[in-house]
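Read the structure below first, then the notes.
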Amino acid sequence: MLGLLATLLMSGCDNAFDPDAPGDHYFALYGVLDGRRATQQIRVEDLAVSLNVPDQIDAQLTVRDLGSGEVSDGRDSLITLDDGERSHLFLVPFLVQPGGAYEVEVTRLGEPTSMSSARITVPSPWAVRVNTTFEQPPDSGQLLQRIVLLDGSLPLVGPVMIEYDVQHRGTGELHQFSFPRDVLTSTEGLVLSIELTEQVESIREALGVAPDDDQALALERVAIHYTRASTETSPVQQGVGAFGWITPFESPWVLDAETLALLGLVDAQGGGLGL
Amino acid sequence: MLVSSGVFAQEARFADPARLVGVVRDAESSAPLTGAAVLLAAADSMTYGAATDERGQYTIAAVPSGRYALTVSFLGYEPFRDSLMLREGEERALPVALSPVPAELTGVTVEAAPPVTSPVGLIRVRPADFAILPTPDPTGDLASVLTLQPGVVNLGDRGGELYVRGGLPTENLVLVDGMRLFRPFHIVGFYSAVPTDIIQYADVYAGGFGARYGGRISSVVDVTTQTGSKQRFRGSASVAPFLTAVHVDGPLAPGHVSFVASARESVIERLGESVLGEPFPYRFGDLFGKVHARLSPTAFFTASGLVTHDEGALSGTLTGENHIEWSNAAGAARFFYMPPTLASALDVSISYSDYTSSFAPEFGPERASRVTSFGGEFALDYLLGAHEVRLAFAGQTLLFDFTSAEVEGLLEDNVTEGTAYVDTRFEFDRVQIEPGIRFQFFPSQARSVSIEPRLRTAWTPVRDQTISVAVGRYRQEVLGLSELQDIGDVFTIWAGVPAGRPLPTAVHLVAGWQGRLGARAQAGVEGYIKDLSGMALLVGDRGVVYTDGLVRGLDLRASAERGVLRGDVVYGYSATTYTDNLGTYRPPHDRRHRLGLVGSIEAGQWRLRARWQVAAGGPFTRIVGSYRALDSLDPDGEFLTDPGRPVLLTESTPFVGRTPSYHRLDLSVERVFAFRAATLTLHGSLVNAYDRPNFFYYDALRANRIDQFPLIPTLGLRVEVE
């Protein structure tokens with residue numbers, strides 16, 4: 028009994044309580060890489076800290092462009108959540124490009140093994156295939172072109188735009204015009220019908236070019252602009268959280284010489300006026 | 005039981021012996037006296053005797069015809085003496101009323117040590133047992149006695165939950181005059197729903213209970229309250245920092261009908277900060293009433309009612325985050341009749357109980373639970389010489405209503421059960437055997453009949469030395485789910501066991517020795533095993549987990565008194581393991597060692613009491629981390645300020661960590677001032693006298709350690725008037 032009492036007493040002198048499981052402690056990361064912004068915002072929580080968020084956390088955040096190898100450092104800031112609590116938001120200056128791959132890493136200061144990371148891959152733009160160019164109504168001179176964004180799918184963010192880069196040969200100025208278009212889904216991808224004649228006539232009118240002047244305007248580029256967002260998130264390794272992305276895409280295509288002739292445009296596609 | 009143990013009985017020698025039966029009561033209050041000695045002395049010095057049971061009833065069987073000197077005695081009462089002639093085969097009913105004598109604090113002479121009769125697993129608590137324990141106020145409470153017991157664990161001084169020999173709080177059956185209480189303890193752990201003033205006695209079965217109790221698999225606390233004085237009015241009032249209390253009892257129809265009324269209400273939430281320097285966000289109280297009608301010397305009717313309320317926050321403020329509240333409302337009525345010419349008794353009772361609770365955590369949706377039960381029992385007791393057979397039929401319906409995302413759609417919302425049991429008691433020379441069997445029927449759930457055999461036996465080889473064994477099978481049809489990993493979450497969901505799942509079941513084996521060591525000391529040792537199966541637990545994000553368990557333990561107790569001094573030592577070792585899809589582990593209430601030392605001095609008008617308890621720490625699940633989970637990422641960035649959903653990450657292997665050990669010293673001192681018609685008691689106490697920061701629980705989302713109560717000095721006053 029005395030021995031038991033002594034044992035109980037000795038253990039009773041120690042009143043310390045350590046609730047933490049041993050091992051590395053990681054982070055919670057949440058973010059959406061946004062190709063529309065020059066600075067990315069990533070929310071970071073230290074899992075070891077509880078919900079009482081301190082002014083500073085022992086964390087360093089970097090984003091590595093896996094294509095170019097460029098590394099961008101994040102800068103910590105505090106934000107107030109909708110319930111009045113706080114959270115840490117890291118601001119990282121880098122551009123998100125279609126076709127890019129990025130590695131987000133958060134490392135505990137002084138503990139390089141306590142690292143949480145996520146890899147986010149942004150897909151490349153969809154390729155364009157011209158299906159057919161035809162007059163609608165027949166013999167009306169109104170050219171329509173039906174193109175397919177191969178493997179394209181919905182949803183998209185915002186409208187799809189047809190964008191023309193046109194040079195006024197008289198003034199030498201470059202102008203950009205955009206026209207919204209609806210898309211339809213098909214087994215091959217997204218299908219668009221583009222009213223080429225109507226759109227070019229709008230451009231002529233806007234620039235004050237006579238309808239029959241087929242040397243006044245040079246087409247430098249035509250492309251489809253659309254914005255996509257991730258439908259699935261990228262998980263965080265050695266931590267919790269998720270990442271998404273949202274980026275504008277551009278899928279150009281080339282109008283053939285016959286079409287350009289019918290539209291009364293000089294071919295400057297491929298990077299400049301033809302000599 | 006109707007027949008008391010024959011402490012002094014001698015072997016019957018003659019044909020057609022006579023039998024003497026009766027009830028011994030307090031002449032003023034008509035309260036039955038338990039343990040009164042009834043002695044028949046013949047001219048040839050042959051003696052026959054018995055001690056009264058919990059109902060004050062005695063039976064002296066197998067008495068040869070002849071003339072005897074009858075003596076009935078009980079400590080604190082004038083002895084009753086008479087002579088009587090018993091004829092061959094006569095059965096005489098002889099009720100006895102003893103007149104109390106004024107109690108003296110000094111010079112009380114005990115001519116003979118009271119017999120040790122408590123069989124294994126049973127702790128019989130009487131008001132005198134409260135007198136040795138320090139309490140934070142002058143009134144005392146059943147909780148102070150219960151928490152002293154070696155096999156009883158309370159995880160903290162808040163929350164109102166007791167674990168008895170490895171069983172969960174929801175596996176304890178707590179009855180007050182037959183009223184079933186689903187949460188019998190207040191949010192401040194010093195207090196139960198039963199103040200000392202109203203307790204006549206309480207039987208606490210830590211295991212191995214007989215067939216008359218069912219519906220729970222761990223323990224039974226059966227409280228019988230005072231009946232009130234049928235001769236004069238009595239009252240008391242007390243004030244102390246924790247609560248105020250008022251008690252009144254007296255005659256409604258002198259000599260026939262009496263009442264008891266008691267009310268307690270906490271004041272600690274108002275006084276805590278100003279008097280003790282820190283907030284105590286707890287509010288609780290209880291209200292009790294009883295009417296007792298003595299219809300004849302062997303028949304009575306009684307009706308009781310009890311209402312309790314509790315609210316508070318184990319962390320935070322009274323009305324702020326983590327607010328919990330609950331209430332009990334219960335009532336019962338009982339009719340008991342023992343015909344004077346028949347060796348039998350009729351015992352009919354009905355009861356109703358309603359328990360409501362709600363919990364508003366800081367993070368997460370509000371939860372609510374309600375259980376309503378009503379039922380009745382019809383029992384017949386048959387006396388067969390020195391033996392007794394009780395045959396009973398009972399029925400109960402429980403209705404559940406709960407709001408909790410973790411269990412929605414998983415549990416039954418009503419249970420109806422029928423019960424039939426046979427509980428017997430056979431008295432031989434030195435052996436007492438109590439076999440019984442209980443049948444439970446579940447018509448609302450189409451379950452097969454549950455058959456629950458029970459056996460209790462005691463052997464007294466020499467006087468005041470008893471060896472006893474109890475074994476039994478137990479089942480319960482209701483579940484009480486509390487978050488197992490979060491000690492601070494004391495909210496409980498009550499519901500029926502889902503159809504298709506087996507009922508929680510336990511098999512108990514208890515064996516022990518109790519004995520007197522000289523005239524002034526007694527000791528006991530008791531070992532137990534409980535095999536558990538089918539229990540339901542709520543474990544974090546794993547939801548409802550069905551588990552089996554094994555409990556093994558050993559309780560040691562010893563007490564001694566010398567003059568004005570009394571000392572008690574209790575030690576309990578208990579090992580509980582659970583096995584389920586989480587693995588094999590020790591649950592949080594598995595506190596392997598508990599040691600309690602109690603000392604009291606009664607010197608003149610002064611009473612000094614001390615209690616020191618030590619307990620080993622218990623298991624807990626370690627924390628990996630916490631964060632705010634975002635369920636969707638809006639491309640436009642609105643998620644950046646979304647508060648999210650708080651998530652606690654815990655270690656995949658649960659209950660690996662260990663909390664610190666616990667020890668606490670409580671002291672109290674009283675000075676009694678006796679006046680002609682009143683008694684004034686000044687009470688002072690120190691709870692946690694050396695201010696040890698004992699760990700209670702850890703709020704992981706806030707990284708906040710909550711300790712048990714610090715040093716609390718109290719000063720109280722009690723006035724008793726008669």
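The listed protein sequences correspond, in order, to chains A and B.
Numbering-wise, the working numbering puts 79 at position 52 of the first sequence, and it's gapless, one number per residue.
Numbering-wise, the working numbering puts 130 at position 126 of the second sequence, and it's gapless, one number per residue.
Yeah, the Cβ is synthetic: ideal placement off N, Cα and C, and Gly gets one too.
C-beta atoms of residue i and residue j nearer than 9 Å
i, j, result
"Ser563/B", "Val573/B", "yes"
"Val732/B", "Val393/B", "Lying before the first or after the last residue shown, residue 732/B is absent from chain B, which here runs from 5 to 726."
"Asp584/B", "Tyr532/B", "no"
"Tyr253/A", "Val227/A", "no"
"Pro99/B", "Val28/B", "yes"
"Ser172/B", "Thr312/B", "Per the sequence shown, the amino acid found at residue 172/B is Leu instead of Ser. Contact flag unset, no."
"Gln742/B", "Thr470/B", "Residue 742/B lies beyond the stretch modelled for chain B, which goes from 5 to 726, so this question has no answer here."
"Val119/A", "Arg102/A", "yes"
"Val482/B", "Phe446/B", "no"
"Phe3/B", "Phe340/B", "Absent from the structure is residue 3/B, since the part of chain B shown begins at 5 and ends at 726."
"Ala48/A", "Val543/B", "no"
"Gly39/B", "Pro301/B", "no"
"Ser223/B", "Glu282/B", "no"
"Val155/A", "Val175/A", "yes"
"Val271/B", "Pro245/B", "yes"
"Val210/A", "Val249/A", "no"
Residue i classed as buried or exposed, judged by whether at least 16 other C-beta atoms fall within 10 angstroms
i, result
"Tyr694/B", "exposed"
"Leu56/A", "buried"
"Gln163/A", "exposed"
"Trp330/B", "buried"
"Phe161/A", "exposed"
"Ile455/B", "exposed"
"Met89/B", "exposed"
"Ser689/B", "buried"
"Pro591/B", "buried"
"Gly111/B", "Any reading at Gly111/B must be qualified, since the residue scores a pLDDT of 30, below 50, and its modelled position is unreliable; no value is offered."
"Asp559/B", "buried"
"Asp253/B", "buried"
"Phe699/B", "buried"
"Val466/B", "exposed"
"Ala233/A", "exposed"
"Thr113/B", "With a pLDDT of 30 at Thr113/B, under the threshold of 50, the modelled position of this residue cannot be trusted; read the value that follows with caution. Result: exposed."
"Phe432/B", "exposed"
"Trp272/A", "buried"
"Ala158/A", "First, the residue type needs correcting, since residue 158/A is Asn and not Ala in the sequence shown. Under this definition Asn158/A is an exposed residue."
| query | Taking the runs of the beta strand (DSSP E) that are 3 residues or longer, which of them lie wholly in the stretch 230 to 288 of chain B? | reply | Correct list: 238 to 243, 247 to 257, 261 to 270.
| Taking only runs of the alpha helix (DSSP H) that begin and end inside the stretch 341 to 415 of chain B, which ones reach a length of at least 4 residues, in chain order? | none
| said: Under 8 Å: do the stretch 76 to 91 of chain A and the stretch 706 to 714 of chain B share three or more Cβ pairs, one atom per stretch? | reply: yes
| In chain order, which beta strand (DSSP E) runs of at least 3 residues are fully inside the stretch 183 to 224 of chain B? | 203 to 209
| According to a CB-to-CB cut-off of less than 7 Å, which residues of the stretch 256 to 269 of chain A neighbour chain B? | Hits within the stretch, in order: Ala256, Thr260, Val267, Ala269.
| Under 9 Å (Cβ pairs) to chain A, residues found in the stretch 616 to 631 of chain B | Val618, Ala619, Ala620, Gly621, Phe624, Thr625, Arg626, Ile627, Val628, Gly629, Ser630, Tyr631
| query | Just checking, does the stretch 238 to 247 of chain A make contact with the stretch 257 to 265 of chain A on the three C-beta pairs under 8 Å criterion? | reply | no
| query | In chain order, which alpha helix (DSSP H) runs of at least 4 residues are fully inside the stretch 222 to 299 of chain A? | reply | 223 to 234, 284 to 290
| Interfacial residues, the stretch 134 to 149 of chain A to chain B, with Cβ spacing under 7 Å | Here the close residues number zero.
| Looking at chain A, which residues of the stretch 690 to 707 of chain B have a Cβ within less than 7 Å of any of its Cβ atoms? | Pro697, Phe699, Tyr702, Ala704, Leu705, Arg706, Ala707
| Between the stretch 358 to 377 of chain B and chain A, which residues of the former have a C-beta closer than 7 Å to a C-beta of the latter? | none
| message | Quick check: the stretch 188 to 201 of chain B against the stretch 151 to 167 of chain B, are at least 3 beta-carbon pairs closer than 8 Å? | response | yes
| query | Would you call the stretch 254 to 274 of chain B and the stretch 164 to 173 of chain B in contact, with 3 or more CB pairs under 8 Å? | reply | As far as the Cβ criterion goes, the stretch 254 to 274 of chain B does not touch the stretch 164 to 173 of chain B, which means the pair count is below three.
| If we count Cβ pairs, one from each stretch, closer than 8 Å, do we get three or more for the stretch 439 to 459 of chain B versus the stretch 495 to 514 of chain B? | yes
| query | Is the stretch 176 to 192 of chain A in contact with the stretch 118 to 125 of chain A, if contact means three or more CB pairs nearer than 8 Å? | reply | no
| task | Taking 8 Å as the threshold, find out whether the stretch 137 to 151 of chain A comes into contact with the stretch 212 to 222 of chain A through three or more Cβ pairs. | result | no
| task | Assess, as a yes-or-no matter, whether the stretch 227 to 240 of chain B is touched by the stretch 281 to 300 of chain B under the definition of 3 or more beta carbon pairs within less than 8 Å. | result | yes
| field | Those runs of the alpha helix (DSSP H) which lie wholly inside the stretch 579 to 662 of chain B and span at least 4 residues | value | none
| said: Can you pull out the residues from the stretch 70 to 92 of chain A whose beta carbon lies closer than 9 Å to at least one beta carbon of chain B? | reply: Arg70, Glu72, Asp73, Leu74, Ala75, Val76, Ser77, Leu78, Asn79
| said: Below 8 Å, how does it come out for the stretch 375 to 389 of chain B and the stretch 352 to 365 of chain B: are there three or more Cβ pairs, yes or no? | reply: The stretch 375 to 389 of chain B makes contact with the stretch 352 to 365 of chain B; the number of CB pairs closer than 8 Å reaches 3 or more.
| query | When the Cβ atoms of the stretch 283 to 299 of chain A are set against those of the stretch 56 to 71 of chain B, are three or more pairs found closer than 8 Å? | reply | no
| query | Which whole runs of the beta strand (DSSP E) in the stretch 163 to 197 of chain A are 3 residues long or more, in chain order? | reply | 170 to 177, 184 to 195
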